[in-house]
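Chains as they are written, first to last, in UniProt numbering: chain A, 1 to 283; chain B, 1 to 449.
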């Protein structure tokens, strides 16, 4: 996603930031405003990076935005108390943090940082590069950084969301009546099946455990014949339409129109099959 | 052997039992374990990984011939739970990583579990098949269609024994209900419903209904620019099916009662500890974000994990936790570095032992910590291949904070922050723990005397 040149700049920057972070952690006499500025810059960099992602991490973005808000609030209070520039050592406003709208990284990379990488204990050499590198961030910049990332997180919701049952007043959470009926019907169907498949795991507990749909009981049994395109013209005229077992019978290919004897055998077989199917589906 | 009730930390010696996963130094991203969970009896142990796979281990029956191999866990079933998806509407890739697995209590011969990625929850049925039907009419044993004209006899297929096969089938798919990333799922004690929580919303589902869910918590503001807090974890009370808790990124826990209102935006209880001004820093809020919340088995307490501590709360006391345990306080002086490299956002989980007397959580350098609530003793142990000789007793580890480092201690700066233990699990009734160390799963047991 990032060009190689940008990536290299970023990794250099990351290394430098790592050095600065250690400085922050290990140094006790780093002035507070500088520490704050460092943290602020880190926050804004992270938000900037997240903005370039297709899907920024909401949790992290909120935490970072809150940190920026906290610093922003602090700086506001301070500027209310004293109008003087908070960080006198920092470069003038011309280096101010560009708006978040620009696509590339608009940060000016810290200069002179490389010299101080391994000398975190030497405070004097640390402070100056930090001051040189840290940028003035205006209150507006901070606000726009926060709102920019949070706006991005307002994901386009599905146009037709799954029906979330809208509560009416203080009703208890309920599921619609018709769903209850549906479950009832299925349970009836299963009762007959239970007798035949006694040794299977079907139990009287919650229906998802019973493999609710009828089809699932027949999972083990090969029904591909009924699914296939290969279809003999039905030998027998359709039986009475009320039978649920009618469909399979229509395509039963072992009935062959070639001999009368076979027709006779088929008739008997089909009626036996009818009977079996009736038991199985519990009608 | 059943331990746990009243067992004291000093009596328990943890031993290496097993390790699952490759020894290769290079870690395939897809193999990184993202969740670990024992089922309610402890017979099964499930793991989910970044590649969307679920692996279930089953404890073998203890045998008198090999008493020292106290019920080892062996692979029982492996299946692909989630696949990577592409959301064309938003032009987003949906990760297949399994965020959470939760078992349903066993009610018949089959096992059921819920597994979820960022967007979709699935109910899986894992069942054994040791019989198969033989004697189809229209197909022969190889599955080839028989010539219909050759069929002269009608027969009923019979079931014959076969080699044991374990199959996993998706029974329900609960999709399209979460705009944001799912962080938690929790099965209700009624065993009929469960909830799924994302950053801003919590939905209640009925296991039977996949095309509808009930939204019970919604903290999304009308204007996203006003968003300051997200939901980080949620769980149902173990016994009261109307009660649940959810934690936030601001270190608060809300307990909700579904009987009071359909949309539980108003909490029944609000747990928050006042901030300690002496510990205030730029990162205070970030480290207060709760990464995990768990009810005790008794239902009387909740435990929360934030970046540096584990806290135990009494449901009857909202203004502060009753216990606070420091997991790795030596990191407090490294927060800026940890913020810079994003480790500060690592989400550690925490677990109770079966009797709620000991709590456990992970740390860095493949360390994990246990705290005995009664004796107030704690121990740091390490999951590593070096300590992986059969039944080797784990030696307590110690991090040296400053000054002179003793021989066996490790200094803070030497800790490997890429080796993080985020996910652990504790057997429901025995002293057996499962610890996920990146792509390896370690199983430790207490020493059999």
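Glycine residues also receive a C-beta, built at the ideal position from the N, C-alpha and C atoms.
Any C-beta of chain A under 8 Å from that of residue 227/B: Nearest CB-CB separation between residue 227/B and chain A: below the 8 Å threshold.
Cross-chain neighbours of residue 195/B in chain A, by beta carbon under 8 Å: By Cβ distance, chain A contributes nothing, its closest Cβ being about 11 Å from residue 195/B, past 8 Å.
Three-state secondary structure (DSSP) of residue 443/B: In the structure shown, the three-state DSSP call for residue 443/B is strand.
Contact set for residue 74/B: own chain, Cβ-Cβ below 7 Å, skip 5 residues either direction: Correct list, in chain order: 57, 58, 60.
Contacts around residue 252/B, its chain only, beta-carbon distance under 6 Å, and the 5 residues preceding and following it disregarded: Here the set comprises 272.
Rounded straight-line distance, which links the Cα of residue 371/B to that of residue 99/A: At residue 99/A, the pLDDT of 37 sits below 50, so the modelled position is not reliable and the matter cannot be decided from this model.
Residue 343/B, enclosing alpha helix (DSSP H) - first and last residue: DSSP places residue 343/B in no alpha helix (DSSP H); its state is neither H nor E.
For residue 314/B, the residue or residues it bridges with in DSSP: Per DSSP, 301/B.
C-beta atoms of residue 317/B and residue 311/B nearer than 8 Å: No. Outside cutoff.
Exposed unless 16 or more other CB atoms sit within 10 angstroms - verdict on residue 155/B: Burial state of residue 155/B is exposed, judged by a 10 Å Cβ sphere holding fewer than 16 other Cβ atoms.
Listed by chain order, chain A residues near residue 230/B by CB distance under 8 Å: In chain order: 58, 59, 62.
With 16 other Cβ atoms within 10 Å as the buried cut-off, status of residue 151/A: Burial call: exposed.
Neighbouring residues, chain A, relative to residue 334/B (Cβ below 7 Å): What residue 334/B touches in chain A: 25.
Short CB-CB distance (under 8 Å) between residue 147/A and chain B: By this cut-off, residue 147/A is an interface position.
Partners in chain A for residue 301/B, counting only beta-carbon separations shorter than 9 Å: Here the premise fails: no neighbours, minimum Cβ distance about 25 Å.
Within chain A, the residues that residue 92/B reaches when beta carbons sit closer than 7 Å: Ordered by position in chain A, the residues that pass the 7 Å Cβ test against residue 92/B are 54, 55.
The region 308-331 of chain B: positions lying closer than 8 Å to chain A by Cβ: With the criterion set as a beta carbon lying under 8 Å from some beta carbon of chain A, the region 308-331 of chain B has no members that meet it.
Neighbourhood of residue 344/B by C-beta, 8 Å cutoff - its chain only, sequence neighbours within 5 removed: The beta carbon of residue 344/B sits closer than 8 Å to those of 283, 286, 287, 307, 335, 338, all from its chain and outside the five residues before and after it, given in chain order.
Reduced DSSP secondary structure (H/G/I, E/B, other) of residue 152/A: Three-state DSSP puts residue 152/A in a helix.
Identity of the residue in 93/B, 375/B, 433/B nearest residue 381/B by Cα: Here the closest residue by C-alpha is 433/B.
For residue 74/B, the first and last residue of its enclosing beta strand (DSSP E): According to the DSSP assignment, residue 74/B belongs to the beta strand (DSSP E) that extends over 73-80.
Contact set between residue 189/B and chain A, taken where Cβ atoms lie within less than 9 Å: Correct list: empty, because the minimum Cβ distance to chain A is about 13 Å.
The region 210-221 of chain B touching the region 146-160 of chain B, judged by at least three CB pairs closer than 8 Å: With a cut-off of 8 Å, the region 146-160 of chain B and the region 210-221 of chain B do not count as touching, because too few Cβ pairs lie within range.
Span separating the alpha-carbon of residue 99/B from that of residue 197/B: Cα to Cα, the separation comes out at about 11 Å.
Unbroken stretches of the beta strand (DSSP E), 3 residues or longer, contained in the region 220-250 of chain B: DSSP runs (the beta strand (DSSP E)) wholly in the region 220-250 of chain B: 231-236, 243-248.
Delimiting residues of the beta strand (DSSP E) encompassing residue 381/B: Residues 378-382.
Exposed unless 16 or more other CB atoms sit within 10 angstroms - verdict on residue 37/A: Its Cβ being crowded by 16 or more others within 10 Å, residue 37/A is buried.
Option in 277/B, 34/B, 208/B with minimal Cα separation from residue 347/B: Among 277/B, 34/B, 208/B, the Cα nearest to that of residue 347/B is on 34/B.
Cβ-Cβ distance between residue 305/B and residue 241/B below 8 Å: Cβ atoms of residue 305/B and residue 241/B: not closer than 8 Å.
Cβ of residue 137/A within 8 Å of any chain B Cβ: So, not an interface residue.
Exposure label - residue 60/A; buried when at least 16 CB within 10 Å: The residue in question, residue 60/A, is buried, as its Cβ has 16 or more Cβ neighbours within 10 Å.
Test: residue 17/A CB closer than 8 Å to a CB of chain B: Interface residue (Cβ-Cβ distance to chain B less than 8 Å): residue 17/A is classified as such.
Touching by the beta-carbon criterion (3+ pairs, under 8 Å), the region 353-368 of chain B and the region 382-399 of chain B: The region 353-368 of chain B vs the region 382-399 of chain B: in contact.
Within chain B, partners of residue 67/A - CB distance below 7 Å: 282, 285, 286, listed in chain order.
Cβ-based burial, residue 62/B [other Cβ within 10 Å; buried from 16]: Exposed is the call here.
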